[in-house]
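As structure tokens, the structure follows; a few thoughts come after it.
Residue numbers (my numbering): 3 to 161.
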């Protein structure tokens, strides 16, 4: 089966959601997904909730706090936020949900709003090719800015 061309594929937005509940509460991804679909169906109706196409990604919950990503069709973020606001209990445990942010990709959403950065980096100047140059350093690798572009180097190359 062939893939759809890029201009026909559905476009998505990702909501980063923080979850708070009682410390003894045990909430699974499936429980959260079920409660979200139920709230969307009751508030928006079957047709509009199908338009939103709410799907839970990357769920984690432990000791009363957690976070998740929710995939929503582009243009349907406001109804999705309204449906999230209607979720007040999951399996008889009271929950509080807060939308931390919305992004167009999973990676950007995780890095910006869930604190799952791919690696810490710092900006500094390094000595490279007989000159002091600006660089972005992550672990032992640096991305060094040159007039003709940029180059990646290890610490052994620029010390």
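Glycine is no exception: its CB is placed at the ideal position from the N, C-alpha and C atoms. Everything numeric in this text was worked out from a predicted model, so none of it was measured.
Assigned exposure category for residue i - 16 Cβ within 10 Å defines buried
i: residue 70; result: buried
i: residue 72; result: buried
i: residue 92; result: buried
i: residue 81; result: buried
i: residue 148; result: exposed
i: residue 124; result: exposed
i: residue 27; result: buried
i: residue 49; result: exposed
i: residue 146; result: buried
Proximity of residue i and residue j at Cβ, strictly below 8 angstroms
i: residue 21; j: residue 99; result: yes
i: residue 18; j: residue 103; result: yes
i: residue 12; j: residue 75; result: yes
i: residue 133; j: residue 144; result: no
i: residue 232; j: residue 15; result: For residue 232 there is no data in the structure shown, the boundaries of the chain being 3 and 161.
i: residue 45; j: residue 54; result: no
i: residue 135; j: residue 127; result: yes
Residue i, enclosing beta strand (DSSP E) - first and last residue
i: residue 51; result: Counting along the chain, residue 51 falls outside any beta strand (DSSP E), though it belongs to the alpha helix (DSSP H) covering 31 to 54.
i: residue 156; result: 151 to 156
i: residue 144; result: 143 to 148
i: residue 96; result: 95 to 105
Identified DSSP bridge partners for residue i
i: residue 127; result: 136
i: residue 2; result: Absent from the model: residue 2. The displayed extent of the chain is 3 to 161, so no value can be given.
i: residue 64; result: 67
Delimiting residues of the alpha helix (DSSP H) encompassing residue i
i: residue 108; result: 108 to 115
i: residue 27; result: Counting along the chain, residue 27 falls outside any alpha helix (DSSP H), and DSSP gives it neither H nor E.
i: residue 7; result: Here residue 7 belongs to no alpha helix (DSSP H), and DSSP marks it neither H nor E.
i: residue 12; result: No alpha helix (DSSP H) holds residue 12; DSSP gives it neither H nor E.
i: residue 80; result: 79 to 87
Any non-hydrogen atom of the ligand NAP within 7 angstroms of residue i CB
i: residue 113; result: The model on display carries no ligand, and the ligand NAP is accordingly not part of it.
Taking contact to mean 3 or more Cβ pairs, one atom from each stretch, closer than 8 angstroms, check whether the region 88 to 107 and the region 23 to 38 are in contact. yes
Contact between the region 32 to 52 and the region 70 to 86 (3+ Cβ pairs under 8 angstroms): yes
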